[in-house]
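*Asks:*
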Amino acid sequence: MLSRTASDLYWMSRYLERVENLARMLDVSYSLSLMPQDGRGDGLHEMAMPLLITGTLDDYLERHGELHADRLLHFFALDAANPASIFSCLRAARASAHAVRGRITADMWENINATWLEIRGIADQGLGRYGMSRFCEWIKERSHLFRGASYGTIMRNDAFRFIRLGTFIERADNTLRLLDARYDMAGDQADAVSDGTAHAYYQWSALLRALSSFEAYTEIYRDAPGARQVAELLLLRADVPRSLRACTEEIDQILASLPGINGRPAQRLAAEMDARLRYTGIDEILDEGLHTWLTEFIPLVAELGNAIHSSYLEAA
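Numbering (this note's numbering), first residue to last: 58 to 373.
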């Protein structure tokens with residue numbers, strides 16, 4: 058496969074996964090901002106969380122000067138001038154899909170194109186008429202439809218592998234950043250398990266719901282959500298679809314299935330990351346410090362993304 062084609066498929070998938078992750082992040086931040094803040098400031102601090110996670114706080118402040126709920130929502134949802142907005146990511150995903158129209162199925166293309174056309178209409182109307190929660194649910198629904206169309210209609214060839222590769226690299230990065238941000242937001246109660254602290258309970262429950270893992274948590278654990286259980290679930294459980302371990306397993310298997318020897322640096326790094334998670338226990342992570350461990354692993358995911366780019370996506 059030509060590196061340009063592989064790059065468009067990979068980034069189409071990454072942008073679409075990023076769109077869904079942004080919607081999940083916005084939905085939970087918006088919901089938590091409407092709740093009593095337990096002495097920790099107003100809901101704007103909760104709404105600012107996506108700015109910190111995506112590294113766009115300075116850009117927002119430069120353009121808007123101060124935190125404002127409506128401007129924050131527009132900035133992340135529909136702002137065409139913000140490259141990290143849902144609108145901009147969908148635009149980029151649609152452009153990549155158009156470039157490889159002949160390598161994806163009609164169902165996949167129609168889903169992306171219809172989503173792009175509809176979000177343009179929403180942007181013209183504004184979120185006020187649509188509603189933030191409804192908008193986020195619509196984004197997640199469109200993402201699920203695209204994933205189903207991809208999995209159900211495309212041949213299991215290199216195009217499929219690069220699409221899946223982009224999904225899991227983006228998902229791994231998002232899970233790490235969300236867990237780190239929520240651990241920080243939980244503050245002094247970050248390690249609370251069942252101490253009756255409403256703030257900690259809602260922070261951890263919101264994170265689990267944002268990653269569609271709340272039902273998995275209640276099936277595995279009996280305690281109220283706390284740092285230890287949530288971190289174990291989202292980092293080390295291979296049977297939880299959005300966990301870091303599940304993502305690295307998929308990435309390792311996909312890279313191992315790609316032909317040629319150019320990908321060996323990326324394959325080696327993916328195998329090392331997967332082995333590290335496979336043979337690490339939650340006690341080791343907590344002994345090192347959850348925040349420290351997460352901030353060390355986030356650059357590893359970026360390094361793996363760079364290795365994939367160098368190995369497969371750059372023109373020879």
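Beta carbons are placed, not taken as given, at the ideal position from N, Cα and C, and that holds for glycine.
Using three-state DSSP, classify Asn-78 as helix, strand or coil.
*Replies:* Of the three classes helix, strand and coil, the one that applies to Asn-78 here is helix, per DSSP.
*Asks:* Quick one: does the C-beta of Trp-166 sit closer than 7 Å to a heavy atom of the ligand SAH?
*Replies:* With respect to the ligand SAH, the structure offers nothing, as it holds no ligand at all.
*Asks:* Thinking just about the alpha-carbon of each residue, which of Glu-276, Gly-188, Ala-171, Arg-218 is nearest to the one in Arg-199?
*Replies:* Arg-199 has its Cα closest to that of Ala-171, out of Glu-276, Gly-188, Ala-171, Arg-218.
*Asks:* Return the chain-ordered list of same chain residues with a C-beta closer than 6 Å to the C-beta of Asn-168, the five sequence neighbours on each side being excluded.
*Replies:* Excluding residues within five positions, the ones whose Cβ falls inside 6 Å are Leu-202, Phe-203, Ala-206.
*Asks:* From Ser-300 to Asp-230, what distance separates their C-alpha atoms?
*Replies:* Roughly 10 Å separates the two Cα atoms.
*Asks:* Which residues mark the beginning and the end of the alpha helix (DSSP H) in which His-366 is found?
*Replies:* Run containing His-366: none; DSSP gives neither H nor E here.
*Asks:* What is the DSSP secondary structure of Thr-113, counted as helix, strand or coil?
*Replies:* If DSSP states are grouped into helix, strand and coil, Thr-113 belongs with coil.
*Asks:* Looking only at its chain, what residues have a beta carbon closer than 6 Å to the beta carbon of Ala-263, apart from the 5 residues adjacent to it on each side?
*Replies:* Excluding sequence neighbours, Ala-263 sits near Val-85, Leu-89.
*Asks:* Use the C-beta contact count for Ser-190: other C-beta atoms within 10 angstroms, 16 or more gives buried, fewer gives exposed.
*Replies:* Classification of Ser-190: exposed, given that the 10 Å Cβ count is below 16.
*Asks:* Does DSSP put Tyr-240 in a helix, a strand or coil?
*Replies:* Tyr-240: helix per DSSP, three-state reduction.
*Asks:* Rounding to the nearest angstrom, what Cα-Cα distance links Glu-307 and Pro-298 in this structure?
*Replies:* Going from the Cα of Glu-307 to the Cα of Pro-298 covers about 10 Å.
*Asks:* In chain order, what residues of the same chain lie with their CB nearer than 7 Å to the CB of Leu-347, ignoring the 5 residues before and after it?
*Replies:* Same-chain partners within the cutoff: Tyr-240, Ala-284, Ala-288.
*Asks:* In terms of residue numbering, what span does the alpha helix (DSSP H) encompassing Leu-202 cover?
*Replies:* Run containing Leu-202: 189–210, per the alpha helix (DSSP H) assignment.
*Asks:* Is the stretch 151–168 close to the stretch 121–137, with three or more CB pairs under 8 Å?
*Replies:* No: the two stretches stay apart, fewer than three of their Cβ pairs being nearer than 8 Å.
*Asks:* Here's the rule: buried if 16 or more other CB atoms are within 10 angstroms of the residue's CB, otherwise exposed. What is Asp-181?
*Replies:* With fewer than 16 other Cβ atoms within 10 Å, it is exposed.
*Asks:* Would Asp-252 be called buried (16 or more neighbouring beta carbons within 10 Å of its own) or exposed?
*Replies:* Residue placement at Asp-252 cannot be trusted, given a pLDDT of 42 that sits under 50; the coordinates are not used to answer.
*Asks:* Hey, could you find the ends of the alpha helix (DSSP H) Arg-402 is sitting in?
*Replies:* The question about residue 402 has no answer, for the chain in this structure spans 58 to 373.
*Asks:* Apart from the five residues on each side of it in sequence, which residues of its chain come closer than 7 Å, Cβ to Cβ, to Ala-303?
*Replies:* So the list reads Ala-295, Val-297, once near-sequence residues are dropped.
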